[in-house]
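With the numbering used here applied, the sequence shown corresponds to residues -18 to 296, in that order. In what follows, a single structure is set out as structure tokens and then discussed.
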Amino acid sequence: MSPQDAAPSSVPWVAYVCLAGSMFVVGAYVAFSKPLALIFPVFLLGCLRFGIGGLSVLHWLRKPATEPPLTMRLHWLIFLESFIGSFLFTVFMVLGVSYSNAVAAGVIMSAIPAAIAVLSRLVLGEAIRPQVVLAILCAVFGIALLALAQPDADQAQVGDAAQHWLGYALLGGAVLCEAAYAVIGKQLTGSLSAKRISALMNVWGFVLMLPAGLWTARNFDFSAVSISMWGAMLLYGLAASWTILLWMTGLRRVPASRAGVFTAMLPVGAACVGVLALGESFSRLHALAFGLALLGLVLAVWPGRASSAARVLDQ
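Next up, the structure:
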């Protein structure tokens, strides 16, 4: 068991806030990607997103004196983190939302805690607390309500059944990408600062998106994009970039399996934007699904017996 799996003497509330805030913002920009994807081709959208985000954190690329040089293993992990957690996640997420809707996307992605827990157990050997297992079950049960929570009106907006399920499959791919993102990120935080990881990931994401982005930009009419859409694009790029910083900051002090439960805030952020800004429907079953996700979050952060005992011994 790693030291971070051991019971802490105090609850890392700052780390929890960073993790929850990161996933809430991810959910918000998942929802905003739907109207942006109607204007920008997916690879051009991704290229602009990483370009904006990369410029905002470019000054973090310099190696601090306290950090070791980048080894071949770290280079490889950073590439995988960028390719799977940024490039593939962005492609799957944008296409998946465009074929479905923001509220459905948020609930499907509640599967992320379970995926992270399984992967962290297999790759990192992390022990999973019983409370975390219950938290994961809450998130998974919330996903099971999705089929009942989708009203006919939303189905009509999505289109035919094949396109509807294609969107769900792509969002499932995004879930797996996010799980890999958390597990690989946990390994990176042991050697690199959250700021430098954020900068390196944005640069790599831009490099990966650039060829396809330039290809799709050849016939794109940039003058037809409104000022408001350019403003939304700017916020999208900045938000997508800074969520990496928040996530990596929290991940330094929290085991990946427990951090994964904080992705329950993703559907909450997606629903807030989908309902309040995009005019999507919100049913009682959606509310129940999100309530289960938040219950899982409470279970994950609630101090266990070992944590309580450790605090008693410290007094």
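Backbone N, C-alpha and C fix where the C-beta goes; we use that ideal spot for every residue, glycine too.
Where does residue i fall in DSSP's three states?
{"i": "F31", "result": "helix"}
{"i": "S262", "result": "coil"}
{"i": "K44", "result": "coil"}
{"i": "T170", "result": "coil"}
{"i": "N183", "result": "helix"}
{"i": "R233", "result": "coil"}
{"i": "D(-14)", "result": "For D(-14), the pLDDT reaches just 44, beneath the cut-off of 50, and the residue's location in the model is therefore unreliable, leaving the point undetermined."}
{"i": "R110", "result": "coil"}
{"i": "F271", "result": "helix"}
{"i": "S204", "result": "helix"}
{"i": "A24", "result": "Checking the sequence shown, residue 24 turns out to be Phe, not Ala. Of the three classes helix, strand and coil, the one that applies to F24 here is helix, per DSSP."}
{"i": "P283", "result": "Sequence inspection shows Trp at residue 283; the Pro mentioned does not correspond to that position. In this structure, W283 counts as coil in the three-state DSSP scheme."}
{"i": "A290", "result": "Note on A290: pLDDT 37, under 50, position unreliable in the model; the coordinate value appears next. DSSP places A290 in helix when its eight states are reduced to three."}
{"i": "P49", "result": "coil"}
{"i": "V38", "result": "coil"}
{"i": "L276", "result": "helix"}
{"i": "G212", "result": "helix"}
For residue i, tell me which candidate among the options has the shortest Cα-Cα distance.
{"i": "I89", "options": "R43, G148, W223", "result": "G148"}
{"i": "W223", "options": "K176, V235, V99", "result": "K176"}
{"i": "V6", "options": "A252, L269, V279", "result": "A252"}
{"i": "W211", "options": "T244, I33, F243", "result": "I33"}
{"i": "R43", "options": "I109, S179, R233", "result": "S179"}
{"i": "F31", "options": "L19, S63, A12", "result": "S63"}
{"i": "F187", "options": "A221, V156, A155, R233", "result": "A221"}
{"i": "A359", "options": "M214, L58, L216, Y80", "result": "In the structure as shown, the chain begins at -18 and stops at 296. Residue 359 is therefore absent and cannot be evaluated."}
{"i": "F203", "options": "F68, W(-6), F21", "result": "F21"}
{"i": "L280", "options": "I117, A161, G153", "result": "I117"}
{"i": "E261", "options": "C28, M4, S81", "result": "S81"}
{"i": "C28", "options": "V75, I225, L227", "result": "V75"}
{"i": "V11", "options": "M246, F271, S264, R265", "result": "M246"}
{"i": "V254", "options": "Y(-3), P50, V78, W41", "result": "V78"}
{"i": "G66", "options": "S172, W283, A160, A213", "result": "A160"}
{"i": "L36", "options": "L219, T170, R54", "result": "L219"}
{"i": "R233", "options": "L215, G166, S14", "result": "G166"}
{"i": "S101", "options": "A274, V249, P236", "result": "P236"}
{"i": "V72", "options": "G153, T52, A92, G106", "result": "G153"}
{"i": "V114", "options": "G106, L105, A95, C158", "result": "A95"}
Assuming residue i is part of the alpha helix (DSSP H), what are its boundary residues?
{"i": "F73", "result": "70 to 80"}
{"i": "H56", "result": "53 to 63"}
{"i": "F5", "result": "-6 to 18"}
{"i": "R199", "result": "First-last for R199: undefined, no H or E at that position."}
{"i": "L100", "result": "93 to 104"}
{"i": "G250", "result": "246 to 257"}
Using the rule of at least 16 other Cβ atoms within 10 Å of the residue's Cβ for burial, across every protein chain shown, is residue i buried or exposed?
{"i": "W185", "result": "buried"}
{"i": "H56", "result": "exposed"}
{"i": "A134", "result": "Caution applies to A134, whose pLDDT of 43 falls short of 50 and renders its modelled position unreliable; the value that the coordinates give is listed next. With fewer than 16 Cβ atoms within 10 Å of its Cβ, A134 is classed as exposed."}
{"i": "F24", "result": "buried"}
{"i": "G277", "result": "buried"}
{"i": "T47", "result": "exposed"}
{"i": "G8", "result": "buried"}
{"i": "T244", "result": "buried"}
{"i": "V(-5)", "result": "exposed"}
{"i": "C(-1)", "result": "buried"}
{"i": "R239", "result": "buried"}
{"i": "A98", "result": "buried"}
{"i": "Q144", "result": "exposed"}
{"i": "G194", "result": "buried"}
{"i": "W228", "result": "buried"}
{"i": "H40", "result": "exposed"}
Should residue i be flagged as near chain C, meaning a C-beta pair shorter than 8 Å?
{"i": "V235", "result": "Absent from the structure is chain C; it holds one protein chain and no more."}
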